[in-house]
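In the numbering used here, the protein residues as written are 585 to 1126.
The beta carbon of each residue, even a glycine, is placed where N, CA and C say it ideally should be.
The structure displayed is predicted, hence computed values, not measured ones.
First comes the structure, then the notes that go with it.
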Amino acid sequence: MRQVDSLLSNGIFQGLMGLSFLSFLVSVWIFCKFKSPDYLPISSSEYSKWGQKMTTFENNSPHLYPKLPHLPIFPEIQDEDVLIHQTLHKNQPTIAGIAAILYRFLSALHQSNHQLATNKNQTTSSTNGDKRNEVEVIRRAYFRLAQEHLVPLDIAYQGRTIFDVRNDDSIFLSVASFREHLLADTLMSAFGSATHPEKLFLGVIVNNCFGLDSNIPCRGSPRVVGQDQNGRDILEIEDGKPDINHIGTFCGNITFQKYCEQGQVRVLYINETDALGPAVTRYYSSKLWGGETYYCQIDSHLKFANDWDQLYIQDLKLTRNFPNSVLSTYPPGFVNFRQTPPYTPGTRLCRCQIRANEGFLPRVEMEGRCNETDIRPTQMAFIGAGFFFTSAKFLLDVPFDPFLPWLFMGEEFALSIRAWTSGWNIYAPRKNLIGHQYRPLKMHTPHYWTSVARLFDKPHMVDQVTHSIRKRIKIMIGYPGIEKDEVPNKNDEDDPYRLSYGLDRYGLGTERSATDYLKFAEIDLEQKTCGPMKWCSEGQLE
């Protein structure tokens, strides 16, 4: 007892006890701050086990080597000529080789765009002698480059996935980012909230103003400077400064840097003025897939619920049509999002509208919620492009179409009808496991159509070119009157840059017909109306 009293009165001992208590308080603070999402750094023993697992994985995945550098921006890829040749001609594809192909395309696109922007009021002759306007010249220039650089890769692996699909419950996260100030937060939330972050692999497309073009200075770079009373970000929009590269922010974080170092974060950088809209950006990202079991496409301003990865896998496997099933939804906003159980019921995509200013193509909208008593997900008619979760075989049956440049409205309808006619059923996840930052115009966040308009000095450039691109979707589905009113002159059928190019590869499936899909979705293209789809909003079809 005297020894204990003596020890307690010892100043050194009291100091050590104080440090221990301080360490305990710091641990509690870290836990409270970062467990939601689950950002707590792993222990040294766990890190060692994780490293051993990754070493085993690396040895079984030679296509991931050499690693694609995530930094710096526009990195040099060693031996790119050899890697491209092996990927295209030797059946030895690598992620680095595919990225080298994409970077060569982007370099050619950058040069072409700037040449076209410099030479105003261009016209060119079609095969029947007609003159084409400037927007059509720009569209055709893109088609030419896509055929030259992108199509050879798709042809080389047509009828099979580029890499064998692993059966290890790994997830590929496709992330399209345009000048996104929440990109790092989104990636931290995805990894930090996952049950198995070691099985998560990302393909991130960073479309930023990097300040590399002296002729087109950066405008509208967003930075978070605080939050309002509702917890929403307050942004400061600055001109003349390049965007923050949030891959550097994420990979520089001590908790998450290991995922970058191990090659779990694959990045492709694109100049702001070379933006082509979400559809083509998601084509790029799909090419960074490396054989993961599942494919998940997301926006770049999200929050994830704890254990989101395992819960989505469970829901997908419960669907009646698994593995040919797609989970999709429009997630709730940040204010209504729950990080931990009980999660809110999943929202359903069971309504559409057809508007003249959107080319009379159906616009997907929310309608209905999942029931608390649902024992498995039930069917819908639409895929939301901002989030869907599916088996990787989807990439084989519904390959992303690179010939939808600058398209925004129409992307989801095209993806939905292509997936359904290819034999894939679409389901609403039973719970909301992600939150989305919906942005009113007053936030003044940058948009790709503004950057494109600045480059070409045409305020309505994107509107004009997407009017043309939507015709491609109409040709694909056999839109009423399309042959009479909207297909170019018959002499153009042999034109390699025609709108219908490649629809045998990037078009409808053969398992079910477009006519049957339109009946299923209660869409009348003749009358340009969408039905109520009560079967969908009420979750009647498993």
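Residue i versus residue j - alpha carbon distance
| i | j | result |
| --- | --- | --- |
| K783 | D753 | 7 Å |
| R803 | F971 | 29 Å |
| G795 | T962 | 47 Å |
| G810 | R816 | 8 Å |
| L724 | L860 | According to the sequence shown, residue 724 is Arg rather than Leu. Between R724 and L860, the C-alpha separation is close to 14 Å. |
| S1084 | P925 | 48 Å |
| L1109 | Y1063 | 7 Å |
| F727 | S761 | 23 Å |
| E764 | T1099 | 39 Å |
| L766 | I661 | 28 Å |
| Y649 | E951 | 45 Å |
| P666 | H654 | Contrary to the premise, residue 666 reads as Val rather than Pro in this sequence. V666 and H654: Cα-Cα distance of roughly 20 Å. |
| L1092 | F984 | 12 Å |
| L786 | D883 | 12 Å |
| I1107 | Y1081 | 30 Å |
| G994 | D823 | 32 Å |
Beta bridge counterpart(s) of residue i as assigned by DSSP
| i | result |
| --- | --- |
| V849 | L786 |
| E949 | R935 |
| P1116 | DSSP, once it has assigned bridges, lists no residue as partnering P1116. |
| R1002 | Paired residue(s): none; R1002 is not in a bridge. |
| F973 | C880, L911 |
| E822 | S805 |
| N792 | N855 |
| F992 | F992 is not bridged to any residue. |
CB-CB length for residue i against residue j, believed under 8 Å
| i | j | result |
| --- | --- | --- |
| G1007 | E1126 | Contact doesn't hold; Cβ gap of about 16 Å is too wide. |
| P929 | C936 | Not a contact, Cβ separation roughly 21 Å. |
| T903 | R953 | Actually they are not in contact, since the Cβ atoms of T903 and R953 sit about 18 Å apart, beyond 8 Å. |
| S909 | L900 | 6 Å |
As assigned by DSSP and simplified to three states, the class of residue i
| i | result |
| --- | --- |
| H694 | helix |
| L766 | coil |
| I1131 | A query on residue 1131 cannot be resolved here, the shown segment of the chain reaching from 585 to 1126 and no further. |
| P929 | strand |
| F921 | coil |
| V759 | strand |
| P983 | coil |
| I967 | coil |
| F1104 | helix |
| N1128 | With the chain covering only 585 through 1126, there is no way to say anything about residue 1128. |
| I836 | According to the sequence displayed, residue 836 carries Gly and not Ile. Reduced to three states, the DSSP call for G836 is coil. |
| Y1090 | helix |
| Q731 | helix |
| F997 | helix |
| H1020 | strand |
Exposed unless 16 or more other CB atoms sit within 10 angstroms - verdict on residue i
| i | result |
| --- | --- |
| R1054 | buried |
| H673 | exposed |
| T957 | exposed |
| T702 | exposed |
| I1116 | Rather than Ile, the amino acid found at residue 1116 in this sequence is Pro. The residue in question, P1116, is exposed, as its Cβ has fewer than 16 Cβ neighbours within 10 Å. |
| D812 | exposed |
| K1103 | exposed |
| P564 | Residue numbering for the chain in the displayed model covers 585 to 1126; residue 564 lies beyond these limits and cannot be assessed. |
| Q841 | exposed |
| A683 | buried |
| V982 | buried |
| R744 | exposed |
| D738 | buried |
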